[in-house]
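Chemist: Counting from 2, one number per residue, gives the positions in the sequence shown under this note's numbering. Glycine is no exception: its CB is placed at the ideal position from the N, C-alpha and C atoms. Right, I'll just put the structure down here and ask away after.
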Amino acid sequence: MLSQELNELLTRTGPGTPMGDAMRRYWMPALLSRELEPDGSPRRVRLLGEQLVAFRSTGGRIGLLDEFCAHRRTSLFLGRNEEDGLRCIYHGWKYDVDGNCVEMMNEPEALSFLKKVRQTSYPTVEMGGLVWAYMGPPERKPALPKFAWTQVPESHRHVSRIGEECNWLQGLEGGMDNSHAPILHRLLTTSANTGGVDGAVPFARGKVLKLDHDVTDYGFRYAGIRPLGSEGSYVRTYHFVMPFTQIRPAQFSNRSDEPQRPQVHGHMWVPMDDENCMVYNWKYSYGEEPLSEEDRLENHDGNGPEFADEANDFRPFYHPRNGWQQDREAQRTVSFSGIRGVNTQDRAVQESMGSIMDRSKEHLGPTDRMIIATRNRLVQAVGIVQDGGEPPGVGDSYYQAKGIETILPQGVEWREALLDEMYSK
Ligand code: FES
Ligand SMILES: [Fe+2]
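Here it is, written out as structure tokens:
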């Protein structure tokens with residue numbers, strides 16, 4: 002349970018809020034690289050309650066500017082992306098990628114006036130197929146977001162995004178919530194094609210969940226341990242990287258008929274504003290094999306083109322206003338939820354809590370320990386930033402962090418067996 006006060010502190014990320022100040026110390030995914038072409042259409046970006054517009058210049062550089070023109074606040078989303086700048090269509094003021102006003106069509110002679118005008122702009126970097134933005138103090142820029150998945154060849158990685166209609170912390174906590182997976186995502190029949198966990202995989206078989214974690218300088222690492230009797234224990238190890246990334250193991254498929262594979266998956270729950278977040282879903286192969294077309298389609302995950310409306314800011318097709326297209330007949334016969342796609346199921350339960358859930362009314366049990374650990378780390382980071390310090394996760398210590406899952410013989414401790422592999426190249 003959280004006090005109303007702490008709930009407010011953790012969920013609000015707009016300019017000038019304590020959590021907003023902490024968030025602004027990290028690189029934030031803003032959109033996919035492929036959404037921006039040189040001189041192509043600009044895209045709207047909503048991040049931490051700020052309304053921005055992104056474009057790629059003739060020379061290939063990316064501009065991320067305040068959406069509203071410095072002249073009379075017309076949306077630059079309507080603008081013309083031409084010759085290394087974005088031009089407002091109202092009076093023709095033109096801005097370069099750094100936010101300098103370089104031309105005024107209605108004040109052609111007013112050179113000194115032009116030099117005084119600046120449009121807010123944020124630095125960006127492209128990595129792993131994403132455009133990342135930094136919205137904090139220029140002198141406190143963190144290390145580049147070189148997550149391992151961003152450093153493998155394009156053939157071996159995939160990233161997608163999909164909107165979620167609730168506060169970012171609900172999404173993150175839903176990811177950190179370990180005990181729900183074999184329940185919410187359960188399939189009632191092994192032939193089901195709706196996305197879910199079939200009853201024969203180890204983590205659906207191990208009923209009791211034990212959790213263990215170590216605080217690290219990027220957040221924490223943890224293990225979910227499910228005893229399997231004489232077989233030993235099924236262990237999944239994860240990382241929480243501040244402020245909103247979860248790295249999870251994916252060597253075992255959710256389907257018992259699929260082979261093991263050298264993959265790691267993860268999500269980032271990025272605040273758009275206090276009532277909406279953008280979920281970035283990434284996966285990579287660290288073996289010889291590239292990702293398959295099926296891996297990229299994400300049909301079982303519920304994040305691909307059949308689930309997110311790319312032409313409409315990646316808004317989900319399955320959402321609260323259509324009841325997530327829950328199929329009651331399928332709920333009786335096919336899957337526990339009757340909802341299509343594993344992450345659609347996640348978004349449904351998270352969005353069903355309301356825009357900002359009231360954590361003063363919750364009852365957390367022992368399997369919710371990682372949710373508490375996450376909140377503690379976030380509250381600490383807010384305090385550190387308010388005291389002028391460097392919050393956890395702005396260095397490079399998470400670059401090689403991997404999630405690993407395996408079955409360990411009885412009596413073998415997870416750190417002893419898996420720690421090296423959890424940070425291996
Ligand atoms: S409002 Fe943009 S140029 Fe006038
Ligand atoms: Fe889930």
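Cα separation between residue 258 and residue 196?
Modeler: Here the question's residue 258 lines up with position 257 in the sequence shown. Here the question's residue 196 lines up with position 195 in the sequence shown. Their backbone Cα atoms lie some 14 Å apart in a straight line.
Chemist: According to DSSP, simplified to helix, strand and coil, what is residue 265?
Modeler: The residue given as residue 265 occupies position 264 in the sequence shown. Residue 265 falls in the strand class under three-state DSSP.
Chemist: For the stretch 146-154 and the stretch 171-179, state whether three or more C-beta atom pairs, one from each stretch, are separated by less than 8 Å.
Modeler: The answer is no - the stretch 171-179 does not touch the stretch 146-154, with fewer than three Cβ pairs under 8 Å.
Chemist: Taking residue 222 as the reference, give the member of 10, 409 and 399 with the closest Cα.
Modeler: Mapped onto the sequence shown, residue 222 falls at position 221. Answer by Cα proximity: 399.
Chemist: Are the CB atoms of residue 300 and residue 311 nearer to each other than 8 Å?
Modeler: The residue labelled residue 300 in the question sits at position 299 within the sequence shown. The residue labelled residue 311 in the question sits at position 310 within the sequence shown. No. Outside cutoff.
Chemist: Pull up the DSSP beta-bridge partners for residue 96, would you.
Modeler: Working through the sequence shown from its first residue, we reach residue 96 at position 95. Answer is 87 and 102, bridged to residue 96.
Chemist: Assuming residue 244 and residue 27 form a contact by the criterion Cβ under 8 Å, report the distance between their Cβ atoms to the nearest whole angstrom.
Modeler: As a first step, residue 244 must be located in the sequence shown, where it is residue number 243. As a first step, residue 27 must be located in the sequence shown, where it is residue number 26. Their Cβ separation, rounded to whole angstroms, is 6 Å, which keeps residue 244 and residue 27 in contact under 8 Å.
Chemist: At a cut-off of 7 Å, would you count residue 360 as near ligand 1, judging by its Cβ distance to the nearest heavy atom?
Modeler: For the purposes of this step, residue 360 is taken as the residue at position 359 of the sequence shown. Checking every heavy atom of ligand 1 against the Cβ of residue 360, none is found closer than 7 Å.
Chemist: Around ligand 1, what residues have a beta-carbon under 5 Å from a heavy atom of it, in chain order?
Modeler: Ordered along the chain, the selected set is 70, 72, 73, 75, 89, 91, 92 and 94.
Chemist: Ligand 2 heavy atoms versus the CB of residue 182: any closer than 7 Å?
Modeler: In the sequence shown, residue 182 corresponds to position 181, counting from 1. Yes, the Cβ of residue 182 comes within 7 Å of a heavy atom of ligand 2.
Chemist: Closest by CA to residue 13, which one among 143, 127, 137 and 168?
Modeler: Residue numbering aside, residue 13 sits at position 12 when the sequence shown is read from its first letter. For residue 13, the nearest C-alpha among the options comes from 168.
Chemist: Less than 7 Å separating the Cβ of residue 347 from some heavy atom of ligand 2?
Modeler: For this step, residue 347 is matched to residue 346 along the sequence shown. Result yes, Cβ under 7 Å from ligand 2.
Chemist: To the nearest angstrom, report how far apart residue 393 and residue 241 are at their CA atoms.
Modeler: As a working mapping, residue 393 is identified with position 392 in the sequence shown. As a working mapping, residue 241 is identified with position 240 in the sequence shown. Each residue's alpha carbon lies about 11 Å from the other.
Chemist: Return helix, strand or coil for residue 120, following the three-state DSSP convention.
Modeler: Translated into the one-based positions of the sequence shown, residue 120 becomes position 119. It is coil, neither helix nor strand.
Chemist: For residue 281 and residue 339, what's the separation of their Cα atoms in angstroms?
Modeler: Taking the sequence shown and counting its residues from 1, the one referred to as residue 281 is at position 280. Taking the sequence shown and counting its residues from 1, the one referred to as residue 339 is at position 338. Each residue's alpha carbon lies about 24 Å from the other.
Chemist: Using a Cβ-based criterion (distance less than 7 Å to any ligand heavy atom), does residue 185 qualify as near ligand 2?
Modeler: For the purposes of this step, residue 185 is taken as the residue at position 184 of the sequence shown. For ligand 2, at least one heavy atom lies less than 7 Å from the Cβ of residue 185.
Chemist: State the start and end residues of the unbroken beta strand (DSSP E) segment that holds residue 67.
Modeler: What you label residue 67 is simply residue 66 of the sequence shown in a count that begins at 1. Note, residue 67: beta strand (DSSP E), 63-67.
Chemist: I need the straight-line Cα distance from residue 397 to residue 148, nearest angstrom please.
Modeler: Counted from its first residue, the sequence shown places residue 397 at position 396. Counted from its first residue, the sequence shown places residue 148 at position 147. If I take the Cα positions, the gap works out to 9 Å.
Chemist: Spell out a yes or no on whether the stretch 340-356 and the stretch 372-382 are touching, meaning 3 or more CB-CB pairs, one atom from each, closer than 8 Å.
Modeler: In short, these stretches do not touch, since the Cβ pair count stays below three.
Chemist: Which residue marks the beginning of the alpha helix (DSSP H) containing residue 204, and which one marks its end?
Modeler: In the sequence shown, residue 204 corresponds to position 203, counting from 1. Segment 203-206, the alpha helix (DSSP H) holding residue 204.
Chemist: Span of the alpha helix (DSSP H) holding residue 145?
Modeler: Numbered from 1 along the sequence shown, position 144 holds the residue referred to as residue 145. That residue, residue 145, is in no alpha helix (DSSP H); it is neither H nor E in DSSP.
Chemist: Is it the case that the Cβ atoms of residue 37 and residue 57 are separated by a distance below 8 Å?
Modeler: The residue you call residue 37 lines up with position 36 of the sequence shown. The residue you call residue 57 lines up with position 56 of the sequence shown. It is a contact, given that the beta carbons lie within the stated cut-off.
Chemist: Which whole-angstrom value is the C-beta distance of residue 284 and residue 264, which I expect to be below 8 Å?
Modeler: Along the sequence shown, one-based indexing puts residue 284 at 283. Along the sequence shown, one-based indexing puts residue 264 at 263. Right, their Cβ atoms sit about 6 Å apart.
Chemist: For the stretch 407-415 against the stretch 219-238, are there 3 or more C-beta pairs whose distance is under 8 Å?
Modeler: Yes: the two stretches touch, three or more of their Cβ pairs being nearer than 8 Å.
Chemist: I'd like to know whether the C-beta atoms of residue 210 and residue 227 end up nearer to each other than 8 Å.
Modeler: Here residue 210 refers to the residue found at position 209 when the sequence shown is read from its first residue. Here residue 227 refers to the residue found at position 226 when the sequence shown is read from its first residue. A contact, by the Cβ cut-off of 8 Å.
Chemist: Straight-line CA distance for residue 60 to residue 165?
Modeler: In the sequence shown, the residue the question calls residue 60 occupies position 59. In the sequence shown, the residue the question calls residue 165 occupies position 164. In a straight line, the C-alpha of residue 60 is about 33 Å away from that of residue 165.
Chemist: Can you tell me whether residue 315 is buried or exposed? The criterion is at least 16 other CB atoms within 10 Å of its CB, across all chains shown.
Modeler: Taking the sequence shown and counting its residues from 1, the one referred to as residue 315 is at position 314. Buried, by the Cβ-count rule.
Chemist: Please report the residue range of the alpha helix (DSSP H) in which residue 183 lies.
Modeler: Taking the first residue of the sequence shown as 1, we reach residue 183 at position 182. Per DSSP, residue 183 belongs to the alpha helix (DSSP H) from 182-185.
Chemist: Under the three-state reduction of DSSP, which class applies to residue 51: helix, strand or coil?
Modeler: Locating residue 51 in the sequence shown gives position 50, where the first residue counts as 1. Strand, per DSSP.
Chemist: Confirm, please, whether the CB-CB distance from residue 353 to residue 8 is below 8 Å.
Modeler: Counting from 1 along the sequence shown, the entry for residue 8 is found at position 7. Counting from 1 along the sequence shown, the entry for residue 353 is found at position 352. Going by C-beta atoms, residue 8 is not nearer than 8 Å to residue 353.
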